[in-house]
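Peer 1: Residue numbers (the working numbering), protein chains in the order written: chain A, 1 to 113; chain B, 1001 to 1115. Before we start, here is the structure in question, set down as structure tokens.
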């Protein structure tokens, strides 16, 4: 079965701690995306990658970092610089053309202790 | 730059009634338009999309949407609501004018189905 997996489903962060959210896809998609979802604000783009070893900042990249060493994987690190990290994080992938559907993972909910 | 406005953050309809979720877009180029659905604590799933051709687009679960260029709208409809339709719905437009291929999402409309 092809799809996108995100882990963990729930993640707790302590003050000053960096945490990493996993996103893996076996759809053979070149493009991958990270979104943050807050109630009433829709989805906001954090980072995206059109190809391996390349990624671009989205609208709200401050306090986050990513890597794209493999086509299948696009992990997101929430650093201690992100002062309000509590949110639902969604990863997506697609064929990188404008008309293509983005396929989403099930999401990771990050909570601050 | 493209943008999307969804009218109404919450919409309530009775089971069996018409569902109408409104979406207006702004785009300097012919748009690609999408509707996604999100069930609680899950990712988004594509309902339907418009790229070119027929302006009435049919999607999954009995939903359809009509692209109206003159009104810059892409409203989502379903003739008869079912309890299982309760979810959050997102309209989106492809950022075709940008450097890379991104999608811009609206803020979402939560659909409530009344028994």
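Where is the CB? At the ideal position from N, CA and C, for every residue including glycine.
With a threshold of 7 Å between beta-carbons, can residue 1113 of chain B be considered close to chain A, or not?
Peer 2: Chain A, which has no Cβ nearer than 7 Å to the Cβ of residue 1113 of chain B, makes this no.
Peer 1: Which same chain residues, not among the five before or five after residue 60 of chain A, have their C-beta less than 8 Å away from its C-beta?
Peer 2: The residues are 36, 44, 45 and 46.
Peer 1: Mapping DSSP to helix, strand and coil, what is residue 1101 of chain B?
Peer 2: Coil, per DSSP.
Peer 1: Let's test the definition: count the other Cβ atoms within 10 Å of the Cβ of residue 105 of chain A and tell me whether it reaches 16, buried, or not, exposed.
Peer 2: Buried: at least 16 other Cβ atoms inside 10 Å.
Peer 1: In chain order, what residues of the same chain lie with their CB nearer than 6 Å to the CB of residue 1026 of chain B, ignoring the 5 residues before and after it?
Peer 2: Counting only Cβ-Cβ distances below 6 Å, and skipping sequence neighbours, we find 1003.
Peer 1: Residues bridged to residue 1113 of chain B by DSSP?
Peer 2: Residue 1113 of chain B pairs with B/1013.
Peer 1: Can you tell me the Cα-Cα spacing of residue 1085 of chain B and residue 63 of chain A, whole angstroms?
Peer 2: For residue 1085 of chain B and residue 63 of chain A, the distance between alpha carbons rounds to 36 Å.
Peer 1: Excluding sequence positions up to five away, which residues of its chain have a Cβ less than 7 Å from the Cβ of residue 1074 of chain B?
Peer 2: Result list for residue 1074 of chain B: 1023, 1025, 1033, 1050, 1065, 1067 and 1091, in chain order.
Peer 1: For residue 51 of chain A, which of helix, strand or coil comes out of DSSP?
Peer 2: Correct three-state label for residue 51 of chain A: strand.
Peer 1: With distances taken from CA atoms, which of B/1021, B/1028 and B/1019 is nearest residue 1116 of chain B?
Peer 2: Lying before the first or after the last residue shown, residue 1116 of chain B is absent from chain B, which here runs from 1001 to 1115.
Peer 1: Can you pull the chain A neighbours of residue 1009 of chain B, defined as C-beta to C-beta under 9 Å?
Peer 2: Within chain A, the residues near residue 1009 of chain B are 40.
Peer 1: Nearest to residue 49 of chain A by alpha carbon, out of A/5, A/100, A/68 and A/3?
Peer 2: Looking at the Cα atoms, A/68 is the closest of the given residues.
Peer 1: Determine, using beta-carbon pairs with one atom in the stretch 16-27 of chain A and one in the stretch 1046-1060 of chain B, whether at least three such pairs fall under 8 Å.
Peer 2: Result no; under three Cβ-Cβ pairs closer than 8 Å.
Peer 1: Exposed or buried, what is residue 1101 of chain B when buried is set at 16 or more other beta-carbons lying within 10 Å of its beta-carbon?
Peer 2: With 16 or more other Cβ atoms within 10 Å, it is buried.
Peer 1: Evaluate the contact criterion for the stretch 1039-1049 of chain B versus the stretch 1011-1019 of chain B: three or more CB pairs, one atom per stretch, below 8 Å.
Peer 2: No, because fewer than three Cβ pairs between the stretch 1039-1049 of chain B and the stretch 1011-1019 of chain B fall closer than 8 Å, the two stretches do not touch.
Peer 1: Taking residue 74 of chain A as the reference, give the member of A/51, A/9 and A/102 with the closest Cα.
Peer 2: Of the listed residues, the one whose Cα sits closest to residue 74 of chain A is A/51.
Peer 1: Residues of chain B with a CB under 9 Å from the CB of residue 45 of chain A: which are they?
Peer 2: Correct list: 1102, 1103, 1104 and 1105.
Peer 1: Hey, is residue 1042 of chain B's beta-carbon within less than 7 Å of any beta-carbon in chain A?
Peer 2: Closer than 7 Å: yes.
Peer 1: Near residue 56 of chain A, which residues of its chain fall below 8 Å by C-beta distance, leaving aside the five closest residues on each side in sequence?
Peer 2: So the qualifying residues of the chain are 47, 48, 49 and 50.
Peer 1: For residue 1092 of chain B, which residues does DSSP report across the bridge?
Peer 2: For residue 1092 of chain B, which the question treats as bridged, DSSP gives the partners B/1034 and B/1105.
Peer 1: Beta carbons nearer than 7 Å to chain A: which residues of the stretch 1049-1062 of chain B have them?
Peer 2: Of all residues in the stretch 1049-1062 of chain B, 1049 and 1051 have a Cβ within less than 7 Å of some Cβ in chain A.
Peer 1: Please confirm if residue 96 of chain A has its CB atom under 7 Å from at least one CB of chain B.
Peer 2: Taking Cβ atoms only, chain B reaches closer than 7 Å to residue 96 of chain A, which makes this a yes.
Peer 1: Would you kindly work out how many angstroms separate the C-alpha atoms of residue 1081 of chain B and residue 1007 of chain B, rounded to a whole number?
Peer 2: Cα-Cα distance, rounded: 19 Å.
Peer 1: What three-state label does DSSP hand residue 1060 of chain B in the structure shown?
Peer 2: Here residue 1060 of chain B sits in helix by DSSP.
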